[in-house]
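Numbering (the numbering used here), first residue to last: 61 to 247.
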Amino acid sequence: QLFAVSCPTATTCIAVGIDNSQQVATSIGTLSGGTWAWSAETQAGNGYGDLTAISCPSATSCVAVGFNSNRNNITIAGTLSGGTWTWSAESLVPGQSSQGELTGVSCPTTTTCVAVGYESSNNTYQSITTVGTLSGGAWTWTTQSVVTPDATGYGQLNAVSCPSATSCVAVGYDGSLQNGSNQSVTA
């Protein structure tokens, strides 16, 4: 199952999700002669989990986010070299205190990405963000921080878009899942 796609060029797209053995997976699509051809899903990262979002800031680099089998927030990076995509091992985002999921990522440059999602505990959700930077060939992610739009303390960010390295908009909902008082929110 593929859940998200990013197209760094008009003729190349990278999709992410989960394969039949419950491992994180990618598929590469190429457009030739007016027809899209997709590779078979291949495992990426290093284990069970799900990739829920991807951003490709260039034709040769992508960052995907999601969660592993323990519901820990994860990131992986892909690079294209010699016609072959290579994916890093999964990296855990520092600072997670309970189960969660990264649900959105946007990379306004080839060296900066912003990811959003949530942590959950006892059927309550808190929106979180983390910023990744590429230096010396390795991605480093900030300790995830909780975003609290209002006094309820509940919420979930689902997607993010960063038109520049200094500006992002994230969307999701605010409110308790227990009382059904959800409302959309931008942060």
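Heads up, the beta-carbon is just placed ideally off N, CA and C, and yes, glycines get one too.
None of the values given here were measured: they were computed from a predicted structure.
Just mark residue i as buried or exposed, buried being the case when its beta carbon has 16 or more other beta carbons within 10 Å.
i, result
"residue 83", "buried"
"residue 226", "exposed"
"residue 204", "buried"
"residue 240", "With a pLDDT of only 47 at residue 240, under 50, the local geometry of the prediction cannot be trusted, and no value is derived from it."
"residue 80", "exposed"
Let's see if you can read the secondary structure: which residues bound the beta strand (DSSP E) around residue i?
i, result
"residue 156", "From DSSP, residue 156 is part of no beta strand (DSSP E); its letter is neither H nor E."
"residue 80", "Where residue 80 is concerned, there is no enclosing beta strand (DSSP E), given that its DSSP letter is neither H nor E."
"residue 97", "95-98"
"residue 193", "184-195"
"residue 291", "Residue coverage of the chain in this structure runs from 61 to 247, which leaves residue 291 outside it and unanswerable."
Closest by CA to residue i, which one among the options?
i, options, result
"residue 161", "192, 177 and 115", "177"
"residue 174", "158, 166 and 181", "166"
"residue 157", "145, 138, 172 and 182", "182"
"residue 198", "136, 127, 111 and 73", "136"
"residue 69", "202, 195, 140 and 146", "140"
"residue 107", "219, 152 and 192", "152"
"residue 221", "113, 129 and 73", "113"
"residue 216", "194, 200 and 180", "180"
"residue 73", "168, 121, 104 and 109", "121"
My output table needs one value for residue i: the three-state DSSP class, helix, strand or coil.
i, result
"residue 103", "strand"
"residue 148", "coil"
"residue 241", "Because the pLDDT at residue 241 is just 48, under 50, the model does not fix this residue reliably, and the point stays unresolved."
"residue 177", "strand"
"residue 164", "strand"
"residue 129", "coil"
Kindly list the residues whose CB is nearer than 7 angstroms to the CB of residue i, restricted to its own chain and excluding five residues on each side of it in sequence; keep chain order.
i, result
"residue 132", "152 and 156"
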